[in-house]
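Numbering (UniProt numbering), first residue to last: 1 to 344.
Cβ coordinates follow ideal geometry from the N, Cα and C atoms, glycine included.
Note that the coordinates shown come from a computational prediction; the quantities given were computed from them, not determined experimentally.
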Amino acid sequence: MKARARMRDVAELAGVGTMTVSRVISGRVPVSDETRARVLAAIASLDYQPNEVARSLREARTRSIGIIVPNFYDSFFAWCAHAVSQVAQRQGYSVMVTTSSEDAAAEYREASLMVRRNVDGLVVIPAWFGASQLSRPEFAAVPMVTIDRPFDLQPMDSAFRGNVTVDNAEGARLGVEHLISHGHRRILYLSLSNDLFTLKVRHASYVQSMRKAGLSPECYFTCATQDSTLAVLKEAMADHSAPTAIFSSNNLVTQHALHALDTLKFSIPKDVALIGFDDLKMFDIFRPPVTVVRQPLEDLGRRAAEMLLEQLHSPPRREESIAEVRNIVLPVKLVVRRSCGCSD
1 MKARARMRDV
11 AELAGVGTMT
21 VSRVISGRVP
31 VSDETRARVL
41 AAIASLDYQP
51 NEVARSLREA
61 RTRSIGIIVP
71 NFYDSFFAWC
81 AHAVSQVAQR
91 QGYSVMVTTS
101 SEDAAAEYRE
111 ASLMVRRNVD
121 GLVVIPAWFG
131 ASQLSRPEFA
141 AVPMVTIDRP
151 FDLQPMDSAF
161 RGNVTVDNAE
171 GARLGVEHLI
181 SHGHRRILYL
191 SLSNDLFTLK
201 VRHASYVQSM
211 RKAGLSPECY
221 FTCATQDSTL
231 AVLKEAMADH
241 SAPTAIFSSN
251 NLVTQHALHA
261 LDTLKFSIPK
271 DVALIGFDDL
281 KMFDIFRPPV
291 TVVRQPLEDL
301 GRRAAEMLLE
311 QLHSPPRREE
321 SIAEVRNIVL
331 PVKLVVRRSC
341 GCSD
């Protein structure tokens, strides 16, 4: 049985790259008549059948966009998705929203389904686990913007790539230096991992701020659950020179830390001060209210949507154009409440 022809077979026969084959199939990026003719001839000769994702790219725009986030139970992702939807809908676009469950394979499946349904572009908060497949040829001509976790540009990309994030380094610096200003010298850094881009940047900034002050960093990257965080703090707080402050890397870890400190009967901020990266409504209600580094969640989603829609309304790109990459970094704010030791 004859093997089914692949895009790379067409590219080899036509004497072009797979990116050019993708451009001819999509019809979204101008290609010279001579090149188009060679590619089409190769497609006919090999009886190449583009997959459904590639075929869908040939259709007219549908004034719809897709949003893929890791989950909905983390309010960070939900707020971002809501803000993207609000902007898109005001511009007359319908919106499809789904989740990847932090799995790159699921993210690829969902993105493929969306492109199959002819979305004009994608806004993605990339999955944590697994290698991203959004750089595969079938997505090369799909405008895409990421939030929070930057997209790695691939040589084959011809469509727009953008990213909107916050100044994670500045946020961590603000939090750590505020604790240092209160006289704290042993400040723990709690995180659920050190794999994600955002968490790596926050950790590096924490380390830099501590060393700048002549202090020793003390980091734990196993605080993904209440039980693991409880175990970490039970051990750390039992030390004869127990830490007097904690800086947590995101809202999930902050919640775990609050639970653990309550379970261990430590008073905040009397026994240990706390500052977390990310804000939640519950942090203002909690007693004492939690000092946080606040990210502009609605602005993250709004700017991502505006960036994508701006590209969708731009003229088609020239054949020889490489992908344009645009990055927007938004400021963060230290919201001082009482968990750090400050009074109202």
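How is residue i classed by DSSP in three states: helix, strand or coil?
i, result
"Ile125", "coil"
"Thr35", "helix"
"Phe283", "helix"
"Ala242", "coil"
"Val325", "strand"
"Lys234", "helix"
"Ile268", "coil"
"Val24", "helix"
"Leu134", "coil"
"Ser339", "coil"
"Arg294", "strand"
"Val53", "Annotation note: pLDDT 49 at Val53 (below 50); position unreliable, coordinate value reported separately. Three-state result, Val53: helix."
How should residue i be labelled, buried or exposed, when 16 other C-beta atoms within 10 angstroms of its C-beta is the threshold for buried?
i, result
"Ala11", "buried"
"Ser209", "buried"
"Leu57", "Below a pLDDT of 50, predicted positions are generally treated as unreliable, and Leu57, at 49, falls in that range; the measurement from the model is reported next regardless. Buried is the call here."
"Val145", "buried"
"Asn163", "buried"
"Asn250", "buried"
"Glu138", "buried"
"Ala305", "buried"
"Pro155", "At Pro155, the pLDDT of 46 sits below 50, so the modelled position is not reliable; the number obtained from the coordinates is stated separately. So Pro155 ends up on the exposed side."
"Ala140", "buried"
"Glu320", "Its pLDDT being 43, under 50, Glu320 is placed unreliably by the model, and the measurement read from it follows with that caveat. Classification of Glu320: exposed, given that the 10 Å Cβ count is below 16."
"Gln49", "exposed"
"Ser248", "buried"
"Asn327", "exposed"
"Phe72", "exposed"
"Val53", "Model confidence at Val53 stands at a pLDDT of 49, short of 50, so the residue's coordinates are unreliable and nothing is read from them."
"Ala245", "buried"
"Ile268", "buried"
"Asp195", "exposed"
"Pro288", "buried"
"Ile285", "exposed"
"Glu235", "exposed"
"Ser343", "exposed"
I'd like the span of the alpha helix (DSSP H) that includes residue i, first residue to last.
i, result
"Ala245", "Run containing Ala245: none in the alpha helix (DSSP H); it sits in the beta strand (DSSP E), Ala245 to Ser248."
"Gln255", "Asn251 to Thr263"
Report yes or no: is there a C-beta of chain D within less than 7 Å of the C-beta of residue i?
i, result
"Ile246", "In the structure shown, chain D does not exist; there is a single protein chain."
Taking residue i and residue j to be in contact with their CB atoms under 8 Å, please state how far apart those CB atoms are, rounded to whole angstroms.
i, j, result
"Asp172", "Ser205", "Note on identity: in this sequence residue 172 is Ala, with Asp being the wrong assignment. Correct: roughly 4 Å between the Cβ atoms."
"Ser112", "Val97", "Not really, about 16 Å apart at Cβ, beyond 8 Å."
"Glu218", "Leu188", "5 Å"
"Glu102", "Pro70", "5 Å"
"Leu233", "Leu261", "7 Å"
"Leu252", "Ala83", "So it is not a contact: roughly 20 Å between Cβ atoms."
What residue range is occupied by the uninterrupted beta strand (DSSP E) comprising residue i?
i, result
"Leu274", "Ala273 to Phe277"
"Gly162", "Arg161 to Val166"
"Arg8", "Taken as a continuous stretch (DSSP letters only), Arg8 belongs to no beta strand (DSSP E), being part of the alpha helix (DSSP H) at Met7 to Ala14."
"Leu334", "Lys333 to Val335"
"Arg303", "Here Arg303 belongs to no beta strand (DSSP E); instead the alpha helix (DSSP H) covers Leu297 to Leu312."
"Val142", "Segment: none, Val142 is in no beta strand (DSSP E) and carries neither H nor E."
Next on the checklist: Which runs of the alpha helix (DSSP H) at least 4 residues long sit entirely within the segment 186-232? Give them in chain order.
Outcome noted: 197-212
Item to check | Every unbroken beta strand (DSSP E) inside the segment 56-117 [3 residues or more] | outcome: 64-69 and 94-99
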